[in-house]
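In our numbering, the protein residues as written are 168 to 293.
Here's what the structure looks like:
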């Protein structure tokens with residue numbers, strides 16, 4: 168091989184974008200979900216900001232928050248699923264990121280489509 172591989176994955180992004188009907192700039196390619204979660208944390212979280220997650224959930228979200236100096240707010244699950252009302256109540260002026268891991272890891276429970284849409288609409292107006 169006489170050239171380095173494309174570290175930006177431009178051809179892959181173009182292919183995915185074409186297949187999904189979006190722009191290549193809207194596609195993130197990473198070395199596994201851990202890297203992508205870390206990149207999202209680096210993009211939105213700062214020292215003193217807040218990240219809200221359900222607890223327990225995939226540990227990489229909290230890791231990304233701590234890495235960026237964010238306050239990680241754990242909202243306990245209710246009956247092994249997300250307490251969306253509790254998450255809404257936890258949002259304040261420092262909140263920069265809310266994570267709904269769906270289906271949740273490690274419980275495997277999922278928030279239904281309509282409940283998730285309603286939740287996102289409520290969060291958008293806070």
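Just so you know, even glycine gets a beta-carbon here, dropped at the ideal spot from N, CA and C.
ask   = Helix or strand or just coil, what does DSSP make of residue 194?
value = Against the chain shown, residue 194 aligns to sequence position 27. Residue state, collapsed to three classes: coil.
(message) In whole angstroms, give me the CA-to-CA distance for residue 276 and residue 270.
(response) For the purposes of this step, residue 276 is identified with residue 109 of the chain shown, where counting begins at 1. For the purposes of this step, residue 270 is identified with residue 103 of the chain shown, where counting begins at 1. Taking the straight line joining both Cα atoms gives about 5 Å.
Can you confirm whether residue 186, when its beta carbon is compared against all beta carbons of chain D, has any partner nearer than 7 Å? Here there is only one protein chain, and chain D is not present.
CB residue 172 to CB residue 180, shorter than 7 Å? Taking the chain shown and counting its residues from 1, the one referred to as residue 172 is at position 5. Taking the chain shown and counting its residues from 1, the one referred to as residue 180 is at position 13. Against a cut-off of 7 Å, the Cβ pair of residue 180 and residue 172 comes out as no contact.
- request: Please name the residue or residues paired with residue 248 in a DSSP beta bridge.
  value: As a position in the chain shown, residue 248 is number 81, starting the count at 1. Per the DSSP secondary-structure output, residue 248 pairs in a beta bridge with 245.
Where DSSP assigns a beta bridge to residue 238, which residues make up the other side?
Against the chain shown, residue 238 aligns to sequence position 71. In DSSP, residue 238 forms a bridge with 217.
>> Does residue 218 pass the burial test, meaning 16 or more other C-beta atoms within 10 Å, or should it be called exposed?
In response: As a position in the chain shown, residue 218 is number 51, starting the count at 1. With 16 or more Cβ atoms within 10 Å of its Cβ, residue 218 is classed as buried.
- Task: Can you tell me the Cβ-Cβ gap for residue 242 and residue 228, rounded? I've got them flagged as a contact below 8 Å.
- Result: Taking the chain shown and counting its residues from 1, one reaches residue 242 at position 75. Taking the chain shown and counting its residues from 1, one reaches residue 228 at position 61. 12 Å between Cβ atoms; not a contact.
State the start and end residues of the unbroken alpha helix (DSSP H) segment that holds residue 185. Along the chain shown, read from residue 1 onward, the residue named residue 185 stands at position 18. Unbroken alpha helix (DSSP H) run through residue 185: 177-187.
Open item on the list: Among 255, 278, 183 and 267, whose alpha-carbon lies nearest the alpha-carbon of residue 289?
Closed with: Along the chain shown, one-based indexing puts residue 289 at 122. Ranked by Cα distance from residue 289, the options 255, 278, 183 and 267 are led by 255.
Looking at the secondary structure, which residues open and close the beta strand (DSSP E) in which residue 266 lies?
Working through the chain shown from its first residue, we reach residue 266 at position 99. That run of the beta strand (DSSP E) goes 262-266.
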